[in-house]
Structures are given as C-alpha cells and as structure tokens.
Amino acid sequence: MSTPTATFTRDQIEQAVTDGFQMAADEASVSVNNSDFRRTRVLFRSILDQVDAASGPTTPGEPTYTREQIQEALNTATDAGARCADNIDNFAVNAALTLLDNPDAAFGDVAEECYGEDADEVAGWLADAR
Numbered sequence: 089m090s091t092p093t094a095t096f097t098r099d100q101i102e103q104a105v106t107d108g109f110q111m112a113a114d115e116a117s118v119s120v121n122n123s124d125f126r127r128t129r130v131l132f133r134s135i136l137d138q139v140d141a142a143s144g145p146t147t148p149g150e151p152t153y154t155r156e157q158i159q160e161a162l163n164t165a166t167d168a169g170a171r172c173a174d175n176i177d178n179f180a181v182n183a184a185l186t187l188l189d190n191p192d193a194a195f196g197d198v199a200e201e202c203y204g205e206d207a208d209e210v211a212g213w214l215a216d217a218r
C-alpha cells in the first residue's frame, strides 16, 4: 500500500517561503526585501496561479500543491532572473522547502539536510555571495 503524497496549502507555502527567505537574508546579512527576493516571490506566486488555472475546476476548499510542484515553481522563479541565482537565492529555496517538511527547522538543519555541511561552512558561502 502506498502512502499519499503530502500536499500543502497556500498559507503553509507562504509561511515556509517567508521564513526560508528570511533565514537566508539573516544569515547572509542582506535585506529580505532585496530585488532578487521580491522578484522571485512575485513570480513564484504567479506560477502557482498558473498551476491552479491549468488544473481546471477543483473540489471545494482551498487548493493544495505537492512538494514537487512547489519545488519546480520556486526553482523556475529563482532561475528566471536577469542574473544567475547565487548561493543566497539557492539557500532561500532550500530553506523554504525544508521548512515545508519541518516548520521548526533551523539554519543548521537546512545546511546539513540540503548541503551535507555544517552551519558555519554554509554561512561562509552566503557571506561570500553578498
């Protein structure tokens, strides 16, 4: 018997993205309102809206999204910028995805889970990307 695929509401996604981008900004000492982050978040929301439209009529209630849909939308939004995504952008995406699965995850948890490195190493990458 297979286990059902986890799905997430827009509120859960917004919270994870907000917290993930804030975590990246805090560790990199950049503004969470920088133009890259703002553009990525606006485009990400637009992509989710396109997913909704492509799905056609849905059952009553709030639409939900799989982790794979969220990951694809975040990566597409991040890669759509005028310049190449850097370590800060990529960490923000990884943090948001990690926080979907574990809302209590800390910076060190993301560093270990997504990069297999300790928090100091990943913090150095983020500082270098400023």
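Using this note's numbering, the first residue of the sequence shown is number 89, and each one after it goes up by one. The beta-carbon is built from N, C-alpha and C at its ideal position, and this holds for glycine as well.
Between the CA atoms of residue j and residue i - distance to the nearest angstrom
| i | j | result |
| --- | --- | --- |
| asparagine 121 | threonine 97 | 24 Å |
| alanine 142 | threonine 154 | 15 Å |
| valine 130 | aspartate 208 | 30 Å |
| glycine 149 | aspartate 140 | 13 Å |
| tyrosine 203 | glutamine 138 | 30 Å |
| alanine 104 | arginine 218 | 23 Å |
| threonine 152 | threonine 95 | 6 Å |
| glycine 212 | glutamate 156 | 29 Å |
| phenylalanine 132 | aspartate 99 | 14 Å |
8 Å contact criterion, which residue i and residue j should meet: CB distance rounded
| i | j | result |
| --- | --- | --- |
| leucine 185 | alanine 116 | Between alanine 116 and leucine 185 the Cβ distance is about 18 Å, and since that is not below 8 Å, they are no contact. |
| phenylalanine 125 | alanine 180 | 7 Å |
Test item: CB-CB of residue i and residue j under 9 Å
| i | j | result |
| --- | --- | --- |
| alanine 161 | leucine 188 | no |
| isoleucine 176 | isoleucine 101 | no |
| arginine 127 | alanine 173 | no |
| alanine 183 | phenylalanine 109 | yes |
| glutamate 201 | alanine 193 | yes |
Can you give, in chain order, each stretch of the beta strand (DSSP E) that sits fully within the region 130-208 and has at least 3 residues?
-> 152-154
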